[in-house]
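**Student:** Shown below is the structure under consideration.
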Amino acid sequence: MTVAPARPARMRTDRAVRAASRTGRGLLALWLVLPVVPLLLWAFADRWTHPALLPQEWGVQGLAEAAASGAGGAFLRSTLLGAVVALLATPPGAMAGRALASRQVPGSTAVLAVLLSPLVLPPFAVALGLDVLLLRLRVPAALGVVVLLVVAALPYTTITMRAAYAAHDRGFEDEARLLGATRWQTVRSVQLPLLAPALAGAAFLAFLVGWSDYIVTVLIGGGRLTTLPLLVASAASATGNDAQVAVLSLTAVLPPVALLVVVGMLGRRGRR
Numbered sequence: 001m002t003v004a005p006a007r008p009a010r011m012r013t014d015r016a017v018r019a020a021s022r023t024g025r026g027l028l029a030l031w032l033v034l035p036v037v038p039l040l041l042w043a044f045a046d047r048w049t050h051p052a053l054l055p056q057e058w059g060v061q062g063l064a065e066a067a068a069s070g071a072g073g074a075f076l077r078s079t080l081l082g083a084v085v086a087l088l089a090t091p092p093g094a095m096a097g098r099a100l101a102s103r104q105v106p107g108s109t110a111v112l113a114v115l116l117s118p119l120v121l122p123p124f125a126v127a128l129g130l131d132v133l134l135l136r137l138r139v140p141a142a143l144g145v146v147v148l149l150v151v152a153a154l155p156y157t158t159i160t161m162r163a164a165y166a167a168h169d170r171g172f173e174d175e176a177r178l179l180g181a182t183r184w185q186t187v188r189s190v191q192l193p194l195l196a197p198a199l200a201g202a203a204f205l206a207f208l209v210g211w212s213d214y215i216v217t218v219l220i221g222g223g224r225l226t227t228l229p230l231l232v233a234s235a236a237s238a239t240g241n242d243a244q245v246a247v248l249s250l251t252a253v254l255p256p257v258a259l260l261v262v263v264g265m266l267g268r269r270g271r272r
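Counting with the UniProt record's numbering, you get residues 1 to 272 for the letters of the sequence shown.
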């Protein structure tokens, strides 16, 4: 009596899993790209009226209007704001995530609830309530915006790094210490490379908080800090400038998408 080998069946299963994975990634990419197509058409449409399926006149009038409205400066300010929020929110989030994952903090559940409280409270109410306090303390508008956005980003960085540290194998660090590495060498050469994908993901989420914020920036900034979301909202509230709104919207969408691709590449490299 002979038993049929199971290898061909496993190979067929693996091929089916890979095909399903490729199909899922393709559908996800399509889902992300489709909303951008109308923006691309509107960005280069000088005239597009109903019932035409495509613009009747093509041009760069939307680009010129966006540049004239201060899109370049707003882009730089949004990038700087997102980078500062990511730089300030990621290290404390990583430390909090490590402490919570190792259960070194007494009452870790209560601490986690406090860290997550910015997600529960309405941003408009928080910003409106703290605006008066910051004005009385004479805190500069830009500094107040950064502080509040860092607090708003901490839940995302903490949860991301808590999950990463919970799955982190500290045996690699123990082996490095046994081989004579110092604590700093272990952190720099072992821990940080292994946790780089999670750190990149946490920094990306914190960057998104600063990049896409509108409420905190408009209330605490008081109109003195013009970022790209404020410019998009201002242009969208008017009529007859669809091309300009499309250009500004694309400018606001493309950098996070590019960063998402970079984070995904780091994640794949970390898994390998």
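For glycine and all other residues, C-beta sits at the position ideal for the given N, C-alpha and C.
(1) If you count every other CB in all the chains shown that lies within 10 Å of the CB of residue 25, and 16 or more means buried, which is it?
(2) Taking residue 146 as the reference, give the member of 220, 240, 186 and 241 with the closest Cα.
(3) Whole angstroms is fine: what's the gap from residue 210's alpha carbon to residue 88's?
(4) CA-CA distance, residue 29 and residue 40?
(5) So what's residue 275 in DSSP terms, helix, strand or just coil?
(6) Nearest-angstrom Cα distance between residue 203 and residue 50?
(7) If the criterion is Cβ atoms closer than 9 Å, does the pair residue 207 and residue 82 meet it?
(8) Let's test the definition: count the other Cβ atoms within 10 Å of the Cβ of residue 120 and tell me whether it reaches 16, buried, or not, exposed.
(9) Shortest alpha-carbon distance to residue 92 belongs to which of 54, 139, 118 and 150?
(10) Residue 55 and residue 45 look like a contact to me (Cβ under 8 Å); what is the Cβ gap, rounded to whole Å?
(11) Helix, strand or coil for residue 47 per DSSP?
(12) Could you give the first and the last residue of the continuous alpha helix (DSSP H) run that contains residue 77?
(13) Hey, residue 200 and residue 157: beta-carbon distance below 9 Å or not?
(14) Mind checking whether residue 110 and residue 235 have CB atoms under 9 Å apart?
(15) Could you tell me which whole alpha helix (DSSP H) segments of length 4 or greater appear in the segment 140-227?
(16) Distance check for residue 86 and residue 80, CA to CA, integer angstroms please.
(17) Are there three or more Cβ pairs, one per stretch, closer than 8 Å when the segment 182-201 is compared with the segment 234-252?
(18) Would you kindly report the start and end of the unbroken alpha helix (DSSP H) that includes residue 125?
(19) Do residue 258 and residue 229 have their C-beta atoms closer together than 9 Å?
(20) Roughly how many angstroms lie between the CA atoms of residue 174 and residue 114, to the nearest whole one?
(21) Mind checking residue 137: buried by the 16 CB within 10 Å criterion, or exposed?
(22) Measuring straight from C-alpha to C-alpha, what distance separates residue 148 and residue 11?
(23) Per DSSP, what are the beta-bridge partners of residue 57 in this structure?
**Tutor:** On the basis of the supplied data:
(1) Residue mapping note: residue 25 aligns to position 25 of the sequence shown, counting from 1. That one is exposed.
(2) By 1-based counting over the sequence shown, the position of residue 146 is 146. When each option's Cα is compared against that of residue 146, the closest is 220.
(3) As a working note, residue 210 is residue 210 in the sequence shown. As a working note, residue 88 is residue 88 in the sequence shown. Cα to Cα, the separation comes out at about 11 Å.
(4) For this step, residue 29 is matched to residue 29 along the sequence shown. For this step, residue 40 is matched to residue 40 along the sequence shown. C-alpha separation (whole angstroms): 16 Å.
(5) A question about residue 275 goes unanswered here, because the residues of the chain that appear run from 1 up to 272.
(6) By 1-based counting over the sequence shown, the position of residue 203 is 203. By 1-based counting over the sequence shown, the position of residue 50 is 50. Their backbone Cα atoms lie some 43 Å apart in a straight line.
(7) Locating residue 207 in the sequence shown gives position 207, where the first residue counts as 1. Locating residue 82 in the sequence shown gives position 82, where the first residue counts as 1. Against a cut-off of 9 Å, the Cβ pair of residue 82 and residue 207 comes out as a contact.
(8) Counting from one through the sequence shown, the residue named residue 120 turns up at place 120. With fewer than 16 other Cβ atoms within 10 Å, it is exposed.
(9) For the purposes of this step, residue 92 is identified with residue 92 of the sequence shown, where counting begins at 1. Nearest C-alpha to residue 92: 150.
(10) Here residue 55 refers to the residue found at position 55 when the sequence shown is read from its first residue. Here residue 45 refers to the residue found at position 45 when the sequence shown is read from its first residue. Contact holds; Cβ gap of about 3 Å.
(11) Numbered from 1 along the sequence shown, position 47 holds the residue referred to as residue 47. Correct three-state label for residue 47: strand.
(12) Translated into the one-based positions of the sequence shown, residue 77 becomes position 77. Run containing residue 77: 71-101, per the alpha helix (DSSP H) assignment.
(13) Walking along the sequence shown from the start, residue 200 turns up at place 200. Walking along the sequence shown from the start, residue 157 turns up at place 157. Cβ atoms of residue 200 and residue 157: not closer than 9 Å.
(14) Indexing the sequence shown from 1 puts residue 110 at position 110. Indexing the sequence shown from 1 puts residue 235 at position 235. It is not a contact, given that the beta carbons lie outside the stated cut-off.
(15) 141-167, 171-178, 183-186, 192-212 and 215-220
(16) Working through the sequence shown from its first residue, we reach residue 80 at position 80. Working through the sequence shown from its first residue, we reach residue 86 at position 86. Their Cα atoms are separated by approximately 10 Å.
(17) no
(18) Indexing the sequence shown from 1 puts residue 125 at position 125. Segment 123-136, the alpha helix (DSSP H) holding residue 125.
(19) By one-based count along the sequence shown, residue 258 stands at place 258. By one-based count along the sequence shown, residue 229 stands at place 229. Judged by their CB atoms, residue 258 and residue 229 are not nearer to each other than the 9 Å cut-off.
(20) Here residue 174 is taken as the residue at index 174 of the sequence shown, counted from 1. Here residue 114 is taken as the residue at index 114 of the sequence shown, counted from 1. Rounded to the nearest angstrom, the two C-alpha atoms are 32 Å apart.
(21) Taking the sequence shown and counting its residues from 1, the one referred to as residue 137 is at position 137. Here residue 137 is exposed: its Cβ has fewer than 16 other Cβ atoms, across all protein chains shown, within 10 Å.
(22) By 1-based counting over the sequence shown, the position of residue 148 is 148. By 1-based counting over the sequence shown, the position of residue 11 is 11. In a straight line, the C-alpha of residue 148 is about 53 Å away from that of residue 11.
(23) Start at 1 with the first residue of the sequence shown, and residue 57 comes out as number 57. In the DSSP output, where bridge partners are listed per residue, residue 57 has 47.
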